[in-house]
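The numbering used here puts the sequence shown at residues 22 to 231. For each residue, glycine too, the CB sits at the ideal point set by N, CA and C.
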Amino acid sequence: MWRYRERLSYYEKLRRSLYEVLRDELERRLVKISLIDSFYKYLEHGVEYSFLDKSELKPLSKKMEKESELFNTFIVIFCEGVIGPEFKNHIRFFPENAVVKKNLEYLANFSLYKRFNLNMRYFENPKFLDFLEQLITVDYALLIQQDPTLKKKNRYSLTHFHVKIDWPIADAAEDLAKHLKYIRDNLYEHGDKVARILQNKLFEYYGCHH
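Shown next as structure tokens:
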């Protein structure tokens, strides 16, 4: 749960400040990878870049098309703290996909593992964002969180790759509908038709096609 700065302890405020600085730095690099680099890939292949049409931003807008292979897609989860056990049913990662050399060598087309050392996965390392960018090209779902092995030091680390997001649509729609005050108890309290509409609104809210 994200808490307002005024409710944080002195230690937590320091962590929040560090997190926000690193988040902004990460955001700049990810914008470059996802938007700018993708645009130039289109140009290199002689393909017209398909900018988003304003009509697609309207509620109930539906446009079905194949995702372009030229567009760089990925998921990067940057957690201010440590992912707790209560979230692991939905954000799934295991020791087998921890960012360590033994696991990285199984990734096809990722030769960097030969030069990998554990310091490369820490955010304060000057090569961290370069390492992150190379890993994104072979595995699109990465987790950055506070180093769980440290208790009295704020240090962020790329801890896992090949992270799986498993959040059932009905559960997600129910949580959102409660947050927006559409329902009080459960998704189906106003009938199946309303439940279906609320599930559609989940995709509209996050700007996804359904």
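Query, Result
"Buried or exposed by the 16-neighbour rule on C-beta atoms within 10 Å, applied to N207", "exposed"
"Check whether D187 and R113 have beta carbons under 8 Å apart", "yes"
"L171 and L153 closer than 8 Å at C-beta", "no"
"Top-ranked residue by Cα proximity to H66, from D151, L91, P106", "L91"
"Proximity below 8 Å, CB of D151 to CB of F182", "no"
"Distance CB(Q166)-CB(N175) smaller than 8 Å", "no"
"S71 beta carbon less than 8 Å from that of N93", "no"
"Backbone CA spacing between V121 and S132 [nearest angstrom]", "14 Å"
"Host alpha helix (DSSP H) of F72 (start-end)", "Neither: F72 is in no alpha helix (DSSP H) and is coded neither H nor E."
"Cβ-based neighbour list, N124, same chain, cut-off 7 Å, excluding 5 preceding and 5 following", "E117, N118"
"Own chain residues within Cβ distance below 6 Å of Q155, not counting five before or after", "L133"
"L163 beta carbon less than 8 Å from that of I157", "yes"
"Y25 to E33 span [Cα, whole Å]", "11 Å"
"Distance, V184 Cα to K135 Cα", "22 Å"
"Residues near C100 in its chain [Cβ-Cβ closer than 6 Å; skip 5 each side]", "Q166"
"Distance between R49 and K202 (C-alpha atoms, nearest Å)", "35 Å"
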